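*Asks:* Just dropping this structure here.
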């Protein structure tokens, strides 16, 4: 039950494309650890019910952990089972850690003697697999980011330095310092620039116990900023994509844009 990097990238794109689709997620046991010997355990899976272990595991190769000093941190006790993967992270230094899975993939279709050919893979492999001058060649590129944040004994901002690629969250209110009923402020960037009027949603876990999705939707302003309040504590999945999805015309297949960018993150909202 292994997923290729391409399938993972497609799943990441789907997470922001439809609130009802199978969603990949990283779920830390806690987002803020106050302990002399701080550790956190992270579950990683793709599921139909948010944070439910009901479909397939998320492969752990490709996941990077960045410490508060910018250094890479190794995962410990990594294991992939039939329905989920899991690993531990030792939070040796105080501050905030980023746990992320970032993918860039290409989908191409073309015709050979009237027959449609398709290919999916990494950008570096495209030249060897897709004819540059193929008939009716269409190419769609996807950049996806899936992440979560955990802090050891204190929070800081170092891991939020933008890379300038894709959709990124640059929080004003730290995601490990959010409380129910209190206003929070975030900023989204698209390729390093303010993501103006960018739609995003927060979906709380525990959907199967509520019977409703409980999705809360927001939009950024012209500066890519947004202020919002979450009424209840819990683990939430942040989900956003660009450009906005367009419903297909009746009887026509959904058209993929030349480039699609998605973002998803797990954040914890603490009680007030």
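In this note's numbering, the protein residues as written are 235 to 506. Ideal Cβ placement from N, Cα and C applies to all residues, glycine included. Only a predicted model underlies this, so the values are computations on that prediction, with no experimental measurement involved.
Using the Cα positions of residue 370 and residue 388, report the straight-line distance between them to the nearest angstrom.
*Replies:* Near 54 Å, if we compare the C-alpha coordinates of residue 388 and residue 370.
*Asks:* What first and last residue would you give for the alpha helix (DSSP H) that runs through residue 449?
*Replies:* From DSSP, residue 449 is part of no alpha helix (DSSP H); its letter is neither H nor E.
*Asks:* Using 8 Å as the threshold, is the segment 449-456 in touch with the segment 328-339, meaning 3 or more CB pairs across them?
*Replies:* No contact exists between the segment 449-456 and the segment 328-339.
*Asks:* Residue range of the alpha helix (DSSP H) that residue 360 falls in?
*Replies:* Start and end: 357-363.
*Asks:* Run through DSSP, which three-state label would residue 342 get?
*Replies:* In this structure, residue 342 counts as strand in the three-state DSSP scheme.
*Asks:* Kindly indicate which residue of 414, 289, 302 and 293 has the alpha-carbon position closest to the one of residue 276.
*Replies:* Comparing Cα positions, the closest option is 293.
*Asks:* Give the range of the beta strand (DSSP E) segment to which residue 379 is assigned.
*Replies:* Residues 369-386.
*Asks:* From what residue to what residue does the alpha helix (DSSP H) around residue 493 run?
*Replies:* Taken as a continuous stretch (DSSP letters only), residue 493 belongs to no alpha helix (DSSP H), being part of the beta strand (DSSP E) at 493-504.
*Asks:* Check each candidate in 493, 383 and 479 and name the one with the smallest Cα separation from residue 472.
*Replies:* Taking only the C-alpha atoms, the option nearest residue 472 is 383.
*Asks:* Got a sec, what are the start and stop residues for the alpha helix (DSSP H) residue 441 sits in?
*Replies:* Residue 441 -> alpha helix (DSSP H) spans 441-444.
*Asks:* Determine, using beta carbons only, whether residue 496 and residue 260 come nearer to each other than 8 Å.
*Replies:* No.
*Asks:* Note the first and the last residue of the continuous beta strand (DSSP E) segment covering residue 300.
*Replies:* Start and end: 297-300.
*Asks:* Is it buried or exposed, residue 415, if we count other Cβ atoms within 10 angstroms and call 16 or more buried?
*Replies:* Exposed: under 16 other Cβ atoms inside 10 Å.
*Asks:* CB-CB under 8 Å to residue 413, same chain, minus the five flanking residues each way: which ones, in chain order?
*Replies:* Around residue 413: 467, 503, 504, 505 and 506.
*Asks:* Do three or more CB pairs link the segment 358-369 to the segment 312-322 at distances below 8 Å?
*Replies:* Cβ pair count under 8 Å is below three, so no.
*Asks:* DSSP three-state label for residue 243, please.
*Replies:* Its pLDDT being 46, under 50, residue 243 is placed unreliably in this model, and the value from its coordinates should be taken loosely. Three-state result, residue 243: helix.
*Asks:* Which ranges does the alpha helix (DSSP H) cover as unbroken runs of at least 4 residues, wholly within the segment 256-315, from first to last along the chain?
*Replies:* None, since the segment 256-315 contains no complete alpha helix (DSSP H) of that length.
*Asks:* Hey, is the segment 429-440 in contact with the segment 370-381, meaning 3+ C-beta pairs nearer than 8 Å?
*Replies:* In short, these stretches do not touch, since the Cβ pair count stays below three.
*Asks:* Specify whether the segment 345-356 and the segment 293-307 touch according to this definition: at least 3 beta carbon pairs, one from each stretch, less than 8 Å apart.
*Replies:* Contact fails: fewer than three Cβ-Cβ distances are below 8 Å.
*Asks:* Just the Cα atoms here: how many angstroms apart are residue 490 and residue 374?
*Replies:* Cα to Cα, the separation comes out at about 7 Å.
*Asks:* Taking 8 Å as the cut-off, decide whether the C-beta atoms of residue 437 and residue 445 are in contact.
*Replies:* No; because the gap between Cβ atoms is not below 8 Å, this pair is not in contact.
*Asks:* What would DSSP say about residue 392, mapped onto helix, strand or coil?
*Replies:* In this structure, residue 392 counts as helix in the three-state DSSP scheme.
*Asks:* Reducing DSSP to helix, strand and coil, say where residue 415 ends up.
*Replies:* Residue state, collapsed to three classes: coil.
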